[in-house]
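According to this note's numbering, the sequence shown is numbered sequentially starting from 2.
Worksheet for the structure shown next.
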Amino acid sequence: MKKVIMQCLVALVFVTIAVAAEKPLGIKEYSSVDGLATAISSYFPKVQGEVKTVAGDRLTVALGTKDGLQQGVLLTVWRDGSEILHPVTHMVLGRIEEEIGSIEVTVVGETTCVGVMKKKLKEPKEGDKARITPKKIGLALVPLRAEHREIIQGLAERLKENGRFEMLDTEKTTAFLNDRKQRDASLIKEMGRTFKLDVVVTIEIIPTDSKDLVTAGIYYTDDARPLDTIVAMLDLRTKRDALGEVRPFFAPPMDVKYDIMDLPFDAQLFVAADLEGTGALEYIFSDGVKLHVFKQSTSGWHEEWVEPVTYATNERKHLNLDVADINGNGKPELFVTSMLKGTVSSYVIEFRNGAYQRIAAVPGFLRVVANPNKENILIGQAYHPVSFFAGQPKRYAWADGNYVPAEEFPLPKGVELYGFAFASAGETNPLLVSLDDTDHLLVYSNGAVIWKSEETYPSIARTVMKPLTGTDAALSSMSENDRILRKRLRGRVFTLDLNGDGRDEILLPKNSGETFVSRHKAAEFIALGWTGARLEQRWDIQDVSGAVLDYQILRQGAAGTRVLALVMIPGGLFSADRLSLMTYGTK
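Now the structure itself:
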């Protein structure tokens with residue numbers, strides 16, 4: 002395999018050499034890949050400045066070396082458009098951004114720079130703004146030699162930990178290059194189009210007597226233009242020196258990660274709560290058909306209870322699990338929604354008299370959500386075999402030994418029962434944050450969309466088959482959405498004030514690595530904060546070992562906050578996938 006990679010990639014060496022010949026290169030000394038990762042990252046600072054002068058296609062911008070700007074970088078030029086008004090108060094929440102084009106920085110001073118227009122959509126003018134995108138930069142590392150693969154991997158990990166880049170998986174890079182014959186600028190352009198990359202960095206490592214000479218060529222993928230070349234001597238006396246200190250990238254308070262346990266069955270959903278009222282957590286898993294309750298003790302993990310069911314796997318499918326004390330007896334109930342033989346209904350389990358008992362049943366869907374006042378409430382919605390969700394959701398209350406529907410709980414158009422949460426974000430009224438069917442995040446204020454994310458936050462899709470029946474004529478009269486036989490349920494969204502500033506962050510997983518033939522292979526947790534006009538990433542947890550199937554957020558007083566994640570860890574060539582419950586939290 003190394004020989005194949007070598008043959009496929011070595012022809013790219015001329016590109017790096019050509020760039021190196023254009024300008025004298027200062028050789029830097031690094032004792033680990035951390036320094037090289039920092040050097041690459043330095044070309045993409047999150048900066049923004051005002052256009053001061055326009056002379057034809059030459060623009061002067063109030064950004065310079067003091068801002069970390071370097072010659073050769075691309076700046077996006079834009080201007081403020083029409084105002085975004087709050088639908089009720091008419092307060093200005095922000096402005097629509099009109100893209101003007103992009104410039105290549107040719108001269109950099111301390112406080113200003115000069116750039117030449119590379120792409121012009123509109124005529125630039127004084128007062129426009131220029132920036133390097135605050136979004137993550139899509140980046141791929143392309144090794145030009147087969148040796149020292151561990152160095153390439155270490156560099157990729159450091160760049161990912163930096164939080165500035167969306168790194169392309171090395172397996173995808175290798176597979177892509179092995180399938181291409183061209184070895185020129187068109188390869189970089191095609192790679193950018195295929196994987197939606199912004200930048201490709203070629204890496205060549207040439208051994209010397211005591212150190213390795215590393216050449217990193219940085220290219221924009223839209224036109225394969227070389228941005229710069231970094232040449233460094235890397236001290237490889239020990240593997241630890243080369244890779245630096247291995248560490249996860251966390252923002253406080255998430256500073257500890259460890260596996261809780263591996264699961265012996267194919268779990269799909271889970272929740273955690275003190276169901277038995279002993280002060281210790283029970284962990285409740287669904288394998289899609291039945292429930293499993295686990296508990297941890299000094300002697301290890303024990304399965305406390307398994308739900309007795311007689312249904313076949315194709316007759317029943319759990320759709321949602323939630324826990325909360327809704328009936329007010331001091332212990333949380335477990336709310337389970339499932340599709341059984343073509344009909345959706347919910348049931349409630351509680352620990353009573355030393356045993357897990359079913360205490361109620363409710364037709365249709367149920368879920369628990371924290372209302373804008375941060376109180377857990379139970380909401381439900383009717384089921385219809387064609388439209389799936391039917392009518393307006395309603396709040397459910399405990400009365401006369403059952404859960405009964407009360408007042409309506411209206412949701413904005415496009416928001417479904419699952420996949421949304423309320424956030425107190427410094428606005429007059431709480432915001433509603435929801436995933437849509439394409440995994441974009443939408444922010445609603447008083448029922449109107451005021452922002453939509455450019456990035457997607459893929460969750461593991463939970464899908465069910467609609468049991469459609471009827472004549473061909475009846476089916477043909479349905480809308481296109483209603484004729485779709487598979488219904489995709491949106492993933493969880495949690496909001497929580499993580500840093501104590503009185504404003505909620507939105508915390509959710511972002512799975513990646515999915516292909517047409519395989520499932521998601523990796524993930525990270527993202528925390529987003531509201532700026533008054535948009536959601537922006539505050540921090541992330543990047544070392545999730547596989548795809549997140551489900552997760553929970555637990556606030557445990559002085560013990561801090563814990564993120565519990567049900568993770569599918571991909572196996573190797575001769576090993577199966579492993580399902581594990583992992584936790585991230587404070588020491």
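Where a beta carbon is used, it is the ideal one built from N, C-alpha and C, also for glycine.
Under the DSSP assignment, ARG159 falls in the alpha helix (DSSP H) whose first and last residues are 150–162. Secondary structure within the region 31–94: the beta strand (DSSP E) runs of 3 or more consecutive residues, fully enclosed, are 49–56, 59–62 and 75–86 (chain order).
Going by DSSP, GLY193 is part of the alpha helix (DSSP H) stretching over 186–196. Taking one beta carbon from each stretch, the region 311–319 and the region 543–553 have fewer than 3 pairs nearer than 8 Å; the two do not touch. Taking each of SER347, GLN382 and GLY329 in turn and checking the Cα distance to VAL337, the smallest one comes out for SER347. Burial check for ARG487: the Cβ neighbour count within 10 Å stays below 16, so the residue is exposed. Here DSSP, grouped into helix, strand and coil, assigns ALA524 to strand. In the assembly as shown, THR299 is an exposed residue. Its beta-carbon has fewer than 16 other beta-carbons within 10 Å. The region 25–41 makes no contact with the region 64–71, as fewer than three CB pairs between them are under 8 Å.
Counting only the Cα atoms, HIS385 lies some 14 Å from LEU418.
GLN393 is not a Cβ neighbour of GLU408, given a cutoff of 7 Å. LEU145 sits in coil when the DSSP states are folded into three classes, being neither helix nor strand. Here the C-alpha atom of ILE207 lies approximately 60 Å from the C-alpha atom of THR429.
According to the DSSP secondary-structure assignment, ASP551 is paired through a beta bridge with LEU567.
Of the candidates LEU536, TYR284 and ARG504, the residue whose Cα lies closest to the Cα of TYR552 is TYR284. Taking the Cβ atoms as the reference, ARG491 lies roughly 11 Å from LEU442, outside the contact range of under 8 Å. In the structure shown, THR175 adopts helical secondary structure according to DSSP, grouped into three states. Taking the CA atoms as reference points, THR344 sits about 30 Å from HIS521. If you compare the alpha carbons of PHE45, ASP81, ALA273 and ALA281 with that of HIS293, the shortest gap goes to ALA273.
In the structure shown, the three-state DSSP call for GLN269 is coil. Excluding sequence positions up to five before and after GLN154, its CB lies within less than 8 Å of the CB of THR171, all in the same chain and listed in chain order. Looking only at MET234, VAL215, THR203 and ALA176, the smallest Cα-Cα distance to ARG226 is reached by THR203. Taking 7 Å as the cut-off, the Cβ atoms of TYR404 and VAL363 count as close.
Excluding the 5 residues flanking it on each side, LEU565 has same chain C-beta neighbours closer than 7 Å at ALA273, TYR552, GLN553, LEU555, LEU582 and THR584, in chain order. Assigned with DSSP and collapsed to three states, VAL290 falls in coil, not helix or strand. For LEU432, the uninterrupted beta strand (DSSP E) run begins and ends at 432–436, by DSSP.
At a Cβ-Cβ threshold of 7 Å, ALA361 and VAL349 count as neighbours.
Only buried fits PRO125, as 16 or more other CB atoms lie within 10 angstroms of its CB.
Around the beta-carbon of THR439, fewer than 16 other beta-carbon atoms lie within 10 Å, marking it exposed. In this structure, ALA141 lies near VAL201, with their beta-carbon atoms less than 7 Å apart. Under a 10 Å Cβ-count criterion, ALA176 is classified as exposed, with fewer than 16 other Cβ atoms of the shown protein chains found around its own Cβ.
CA-CA distance, LEU75 to TRP399, rounds to 60 Å. Around the beta carbon of ALA426, 16 or more other beta carbons sit within 10 angstroms, so the residue counts as buried.
Here the alpha carbon of ASP275 sits roughly 15 Å from the alpha carbon of GLN358. Residue burial annotation: LYS511 is buried, with at least 16 other C-beta atoms found within 10 angstroms of its C-beta.
Under the criterion of beta carbons closer than 8 Å, ALA63 and THR113 qualify as touching, at roughly 6 Å.
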